[in-house]
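Using my numbering, the letters of the sequence shown correspond one by one to residues 18 to 337. Glycine is no exception: its CB is placed at the ideal position from the N, C-alpha and C atoms.
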Amino acid sequence: MGFIVQPALQMDWELTGKHQSLQGLSNAAHALASRWSSKVGAIRSWDKAINYRYSFTDTETDFLVIIDSMCNLDLLYTVGHRENDDELIEMATTHAHTVRKTILRDDFSSYHLVNFDPRTGNVKAKMTNQGFKDETCWSRGQAWAIMGFAQTFIWTKDTIFLDTAIRCADYFLGQLRESKCHHPMVPVWDFQAPQEDPQEPLRDSSAGAIAANGLLLIHQGLLSLDASTSATKSNLAERFLDAALAIIDQTIDMSLDKNHARLAPGGGVIVEESGFDAILRNATTNNNEHAHQPYVDHGLVYADYFLLEFGNKLLRMGLL
């Protein structure tokens, strides 16, 4: 819900003051909250998940929560604080704790999907839907974790969420550093998936763009901490800022659709015909072997949106 509604409506409200957009945010937040389970301590992500391996269709017996859901919480916090609705705020924070305890592994890599028993709140299974295998780390899911936990810290100021975001980011960046291919900062689609050609592995440019936004939030969060830790936090903050910039720099160099548009002499922009309808190439939605429709090496709205949002964040932070 947050992915669909918040980016457009919140920006419209902030820029124009349009009441309909603000009301749309509120409606979306309360619709999301209607999927809350106090027994599980989380908001249901999907009503069903079906592929060639499994079929979860009964909401009475299955309660599906995905790592992506961390990035829905910003919507609940935004509306909760504006409307002084402590229930929305508490739902968001409790959901974050549940995800932290159940979807993250000991090394702070992430599962994609956890299935809870809605009657008891117990975990029934931990698996993937879009990654390579249940026990591997789907790179876009890890990016959602980085950004979602960083956003949760920004709202709550609870350092357990900042620490979690940092540890998720350390795992992500560690995987990039181990890459032996060109443009190693452009993530492969799943960090443990075998590659037919190690020099030209299947990437997911959207994972990098999302993670880079999360790293900027970690940078911002570290600089907001108590001044008594100034030297340590400043060095760590700069490390994450540098990593974010490196990811975007390599992503643009490798994945920007070169024929989409170009600056014209004397000003203006020339848009040429292109057979590619996105800003960034090399995204991968789903390459799971059991997917009904694998979708790889293409343009993806997540990649384009978070590339542009990265630039906007730099402007808002005074870094450009």
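Please state whether DSSP places residue i in a helix, a strand or coil.
{"i": "residue 81", "result": "strand"}
{"i": "residue 312", "result": "strand"}
{"i": "residue 68", "result": "coil"}
{"i": "residue 206", "result": "coil"}
{"i": "residue 144", "result": "strand"}
{"i": "residue 3", "result": "Nothing about residue 3 can be read from this structure; the chain reaches only from 18 to 337."}
{"i": "residue 287", "result": "strand"}
{"i": "residue 337", "result": "coil"}
{"i": "residue 132", "result": "strand"}
{"i": "residue 241", "result": "coil"}
{"i": "residue 293", "result": "coil"}
{"i": "residue 196", "result": "coil"}
{"i": "residue 122", "result": "coil"}
{"i": "residue 73", "result": "strand"}
{"i": "residue 280", "result": "strand"}
{"i": "residue 34", "result": "coil"}
{"i": "residue 137", "result": "coil"}
{"i": "residue 187", "result": "helix"}
{"i": "residue 149", "result": "coil"}
{"i": "residue 24", "result": "helix"}
{"i": "residue 212", "result": "coil"}
{"i": "residue 307", "result": "coil"}
{"i": "residue 18", "result": "coil"}
{"i": "residue 266", "result": "helix"}
{"i": "residue 326", "result": "helix"}
{"i": "residue 101", "result": "coil"}
{"i": "residue 175", "result": "coil"}
Do the CB positions of residue i and residue j come within less than 8 Å of each other?
{"i": "residue 55", "j": "residue 61", "result": "no"}
{"i": "residue 22", "j": "residue 45", "result": "yes"}
{"i": "residue 185", "j": "residue 170", "result": "no"}
{"i": "residue 106", "j": "residue 84", "result": "no"}
{"i": "residue 284", "j": "residue 297", "result": "no"}
{"i": "residue 222", "j": "residue 101", "result": "no"}
{"i": "residue 202", "j": "residue 163", "result": "no"}
{"i": "residue 131", "j": "residue 118", "result": "no"}
{"i": "residue 257", "j": "residue 280", "result": "no"}
{"i": "residue 293", "j": "residue 274", "result": "yes"}
{"i": "residue 307", "j": "residue 68", "result": "yes"}
{"i": "residue 226", "j": "residue 327", "result": "yes"}
{"i": "residue 159", "j": "residue 126", "result": "yes"}
{"i": "residue 161", "j": "residue 301", "result": "no"}
{"i": "residue 128", "j": "residue 109", "result": "no"}
{"i": "residue 242", "j": "residue 168", "result": "no"}
{"i": "residue 331", "j": "residue 337", "result": "yes"}
Quick test of your reading: residue i and residue j, contact by CB under 8 Å. State the CB separation rounded to the nearest angstrom.
{"i": "residue 208", "j": "residue 173", "result": "At roughly 28 Å, the Cβ-Cβ gap does not stay under 8 Å, so residue 208 and residue 173 are not in contact."}
{"i": "residue 41", "j": "residue 91", "result": "In fact, because the Cβ distance is near 15 Å, the residues do not count as touching under 8 Å."}
{"i": "residue 229", "j": "residue 204", "result": "That belief does not hold up - the Cβ atoms of residue 229 and residue 204 are roughly 10 Å apart, past 8 Å."}
{"i": "residue 82", "j": "residue 43", "result": "The Cβ separation is near 24 Å, so there is no contact."}
{"i": "residue 219", "j": "residue 304", "result": "6 Å"}
{"i": "residue 215", "j": "residue 198", "result": "6 Å"}
{"i": "residue 250", "j": "residue 239", "result": "5 Å"}
{"i": "residue 87", "j": "residue 237", "result": "Rounded, the Cβ-Cβ distance is 17 Å, inconsistent with contact."}
Name, in chain order, the residues that DSSP records as bridge partners for residue i.
{"i": "residue 54", "result": "59"}
{"i": "residue 300", "result": "315"}
{"i": "residue 86", "result": "Beta-bridge pairing links residue 86 to no other residue."}
{"i": "residue 155", "result": "207"}
{"i": "residue 273", "result": "297"}
{"i": "residue 127", "result": "121"}
{"i": "residue 220", "result": "205"}
Inset, instruction - Examine the Cβ distances between the region 109-118 and the region 259-269 and report whether three or more of them are shorter than 8 Å. - result: Not touching, per the Cβ criterion.
Legend entry - Three CB pairs or more closer than 8 Å across the region 186-204 and the region 134-153: The region 186-204 is not in contact with the region 134-153.
Legend entry - contact_flag[the region 76-94, the region 130-138] where n(CB pairs < 8 Å) is 3 or more: Flag = yes, the region 76-94 and the region 130-138 touch.
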